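In the working numbering, the protein residues as written are 103 to 1191.
Structural data, given as structure tokens:
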């Protein structure tokens, strides 16, 4: 089939597009402004103040006429709200991921805020690999790894290092998947977790990560001071040691004083200028690498020539050799045997006949090399661990010794003691901080040339490199160093040198100086990063009380966050023990890594459309394994610290949930909730609901006034009080009209419904529909509200109080049709009369009763509702009473016993009362009310009056009936009602009726019998029941707080609809709070468990 094409010139369109591009390309555009209008040009050229719809990517200065007749005219209307692809690509081409954080602060300090934005040029090696390497290798490697190898043995240490390294490797795989699933701004793990698991988890884990980074600063500062006071300047002490106990206290106090001074100095450096910290980062990294190279060089040298360091042993006990030079009891000088300094430490004098310690006397002194060398075979001796309690003398395995009987004085002798009780799980907690720091690359994602390529490669390579370092160090330390030296934490047996320094070549000072500057640099990095992390959390606004920490200096430096970080860091320094701070640090980092793995696993399992990471070497099983390993390591390290960390995270989570700002970040937990909801809804529909699981799922039909506000807020209060059943609640309303014209009104009404529900603490869903009339709208809601197994089974609505005064019958007709439709749908119906008089959620009813009038069995709903209501604090002190009606043939006594037994089996506490209603003659008052009701209905049907006339006629009949009834009861003559002249209708009929009514006050009531005989006997009987039952209910329950009544159904014949409302009105007359209840046709309560 031939197709005609029209060729049009496109030069104008091209020029226009070029203009658009030029306009948008004048200045760089950040990601936040890509989808935002450029208002500066609109205001200057348009000239009108009218607010126009936002149209991104389209130049609003020009009219849309230039699209007429062009090659894109078919999409002319779409262009008003959607951009052309060419325009979109032009905008994206100018997008630059701004470097956030430290670089901005540096530029502000230097006054060099650049106008032109340059593309970041950092690659994988500089941007990710080296920062991760610097953060992972640190204080534990130099100060504790040799001690861990000596205490746990090579096999135990290998297990510890392997577990921790595998944990971080699995976490890095998960982190790489998340980091390559889109752009990750500054914030690192906090950003990834919060955007993957939501603000609650993000805030909780972000604060834990912040606390971990802060305590890491404490750890590095304590390591710095330990190196300073133990190896560099041991004499620079403020507190002097007095005895053994005093010595430990003095050492801790010295750590606190020097640590606090070091913290203040570092905080001052960070406050003055972060750029100095960044410029020294390369120096600190060089120190670390130099120290590691010196260690490996020392290992190689042991093969050729072992170091000259020796260890002095007394029997099999290791001695501190800083107070003596000669490892012997005596020495020969000029052919004369003299005692040594070691003799004087164990004996009471320097003479050969002095009294000496028993162990010293029984055992010989031997000197062994501290570093036997790689080929010495010491590897076999160090394979297994040697755990023990605190203050245990470090002894050499397989060394002969004679034990002494009295060991009470050993603590005062120059033995090398273990300072803490050691066990495997403690070592795990102390070691784990040495593998943290894997987030350093993701934190710098804004500075990378290609973050989605650099982060996975750089991080995983850094972890593999450091894992090789640690595992090789474990094996090499165990193969080169004597076991007693490995277990000597502070190097007391090798003249106060660090054990790893004894192994290093060319001098131990390489390790001392390198580790000192490494710890200083790591401490500065922690004090630089932690405040910025807290500032990022505060600026997100998810934790209200942290908002002050989002502010800082004019250049954005987080001053307040730095002060808080220094305060928390001081807590760690006051602990004054590196071994005690390390497990705390481990908990917070392990929790952070756990949630990184959880985020990746959740996103992978949910298969969300946005989950498209460029890093492909991940699987949810790896993430789950990493998550399990993190959790296991938390409890292995310290179960009580793990519980404390979880409680802290849980409290933060609940605080954000209840008080935090609402954020929607497209997190994975929302997708998880959707999947769980879908599964639950599908599963609920598979099997029918059992009676034991029945609970009221309410559809609340709420009316809105002309201002679209909720007309009866107490209906929502009562809904909340009914929610002890924890069921579904759907609050709905109907607007008349079409959705095209009233769509905005529907949205406004829904917002008002939500606001009212929040004010009344009603948890549920709200929905406003627009329908051509109210009746169809309510019918639609009753049929279709809910979803799957979560559909409503009960309808709650307010009694239409003004149905008599209404100008038309719509209010009455809508109510009756609602009753019929709920019955047809097998749904329960609850109608509250005088709903505005019901108590609010703030009220507390101190006393009173909830009366149930059980006339017909409706499935037990009448029994269940007062129980649910009484669970709420408003009604909790109200007692439950159940009334039932007995007729002439019923045994009232037996009926009461049976009902009491039934309630006992139902586990309901209620007072039972049986009310006897004897058959009696129908009173004249009943006939009179029935007659008036029928006459009014017939009159309104026959006369076809206008709305105003109908209302006037109904009101006159009502007034006349009231006057005649009062005359009958008082037995006195009252003024005659005004004669009604209805000249606009059939005069003869009206005049006759008025003449007949004039003298009713003085005539005998039985003179009306001829008219009574013409009445519908069914209506008379119903009115009789309503009148008699109302008398009984008023007598028993007039002062009760709430009355629950069986609601009779509407007549099957619609011709009786006019009278149905009258019957209900008479039934409830004189009662304050009434709840009419109509069952849904199924049992809702059972005696079985």
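Heads up, the beta-carbon is just placed ideally off N, CA and C, and yes, glycines get one too.
Values in this document were obtained by computation on a predicted structure and should not be read as measured data.
Legend entry - Alpha-carbon spacing of residue 575 relative to residue 429, whole angstroms: Between the alpha carbons of residue 575 and residue 429 lies a distance of about 30 Å.
Inset, instruction - Report buried or exposed for residue 691, applying the criterion of at least 16 other Cβ atoms within 10 angstroms of its Cβ. - result: Taking all protein chains shown into account, residue 691 has 16 or more neighbouring C-beta atoms within 10 Å of its C-beta and is therefore buried.
Inset, instruction - Could you check what DSSP says for residue 470 in three-state terms: helix, strand or coil? - result: Annotated three-state conformation of residue 470 is strand, per DSSP.
Legend entry - Those residues which DSSP pairs with residue 953 across a bridge: According to DSSP, which records beta bridges pairwise, residue 953 is partnered with 983 and 1145.
Inset, instruction - Could you tell me whether the Cβ atoms of residue 754 and residue 323 are closer together than 8 Å? - result: Not a contact, by the Cβ cut-off of 8 Å.
Legend entry - Cα-Cα separation, residue 452 to residue 525: Approximately 41 Å, taken between the alpha carbons.
Inset, instruction - Could you have a look at residue 609 and say whether DSSP puts it in helix, strand or coil? - result: The answer is coil: DSSP assigns residue 609 none of H, G, I, E or B.
Legend entry - Whole-angstrom distance between residue 520 and residue 566, CA atom to CA atom: Straight-line Cα distance between these residues: approximately 33 Å.
Inset, instruction - State yes or no: is the C-beta of residue 864 within less than 8 Å of the C-beta of residue 833? - result: The answer is yes: Cβ separation under 8 Å.
Legend entry - Of the listed residues 705, 721 and 831, nearest to residue 776 (C-alpha basis): Comparing Cα-Cα distances from residue 776 to each of 705, 721 and 831, the minimum goes to 705.
Legend entry - Residues near residue 811 by beta carbon distance below 6 Å, same chain, minus five either side: Correct list, in chain order: 854.
Legend entry - Beta-carbon proximity list for residue 390, same chain, < 7 Å, skipping 5 on both sides: Excluding sequence neighbours, residue 390 sits near 236, 239, 616 and 620.
Legend entry - Inter-residue CB distance, residue 517 and residue 419 (contact presumed, cutoff 8 Å): Going by Cβ atoms, the distance from residue 517 to residue 419 rounds to 5 Å, so yes, they are a contact pair.
Legend entry - For residue 323, three-class secondary structure by DSSP: Of the three classes helix, strand and coil, the one that applies to residue 323 here is helix, per DSSP.
Inset, instruction - Measure the CB-CB distance between residue 819 and residue 862 and report whether it falls below 8 Å. - result: Contact: yes.
Legend entry - Closest Cα partner of residue 447 within the set 413, 505, 815 and 513: Selected option, being the one with the closest Cα: 513.
Inset, instruction - Compute the distance between the beta-carbons of residue 799 and residue 895, then report whether it is under 8 Å. - result: Cβ atoms of residue 799 and residue 895: closer than 8 Å.
Inset, instruction - Scan the segment 563-649 and note each continuous beta strand (DSSP E) run of 3 residues or more that stays entirely inside, going in chain order. - result: The DSSP assignment places no complete beta strand (DSSP E) segment of no fewer than 3 residues inside the segment 563-649.
Legend entry - Option in 233, 304 and 228 with minimal Cα separation from residue 757: Measuring from the Cα of residue 757, the nearest candidate turns out to be 304.
Legend entry - Residue interval of the beta strand (DSSP E) (run including residue 1180): 1176-1180 is the span of the beta strand (DSSP E), which, as asked, contains residue 1180.
Inset, instruction - Indicate whether the contact test is met: 3 or more Cβ pairs, each with one atom in the segment 327-338 and one in the segment 498-507, closer than 8 Å. - result: The segment 327-338 is not in contact with the segment 498-507.
Inset, instruction - Following the continuous alpha helix (DSSP H) through residue 377, name the residue where it begins and the one where it ends. - result: Its alpha helix (DSSP H) spans residues 376-406.
Inset, instruction - Determine the contact status of residue 648 and residue 640, defining contact as a CB-CB distance below 8 Å. - result: Yes, these two residues count as a Cβ contact at 8 Å.
Inset, instruction - Locate the beta strand (DSSP E) running through residue 837, then write down its first and last residues. - result: Counting along the chain, the unbroken beta strand (DSSP E) around residue 837 starts and ends at 831-838.
Legend entry - Residues that residue 438 bridges to, as DSSP identifies them: DSSP, once it has assigned bridges, lists 435 as partnering residue 438.
Legend entry - Stretch pair the segment 1012-1021 + the segment 1125-1136: three plus CB contacts closer than 8 Å: At 8 Å Cβ cutoff, the stretches touch.
Legend entry - Spatially closest choice to residue 476 from 356, 808, 605 and 572, by CA coordinates: With distances taken between Cα atoms, residue 476 lies closest to 605.
Legend entry - Exposure of residue 415, with buried meaning 16 or more beta-carbon neighbours within 10 Å: In the assembly as shown, residue 415 is a buried residue. Its beta-carbon has 16 or more other beta-carbons within 10 Å.
Inset, instruction - Confirm, please, whether the CB-CB distance from residue 838 to residue 876 is below 8 Å. - result: Contact flag set, yes.
Legend entry - residue 869 (DSSP reduced to helix, strand or coil): Three-state DSSP puts residue 869 in a strand.
Legend entry - Through-space distance from residue 501 to residue 468, alpha-carbon basis: One alpha carbon belongs to residue 468, the other to residue 501, and they sit about 10 Å apart.
Legend entry - Boundaries (first-last residue) of the beta strand (DSSP E) holding residue 899: That run of the beta strand (DSSP E) goes 896-900.
Inset, instruction - Give me the Cα-Cα distance between residue 1219 and residue 381, rounded to the nearest whole angstrom. - result: The shown model of the chain, from 103 to 1191, leaves out residue 1219, and the question about it has no answer.
Inset, instruction - Pull up the distance between the alpha-carbon of residue 735 and that of residue 433, whole angstroms please. - result: Cα to Cα, the separation comes out at about 53 Å.
Legend entry - Spatial neighbours of residue 1144 in its chain, beta-carbon cut-off 6 Å, leaving aside the 5 residues before and after: If we look at residue 1144 and ignore the five residues flanking it on each side, its Cβ neighbours are 952 and 1175.
Legend entry - Separation of residue 268 from residue 253, as counted between CA atoms: Put simply, the backbone Cα of residue 253 is about 22 Å away from that of residue 268.
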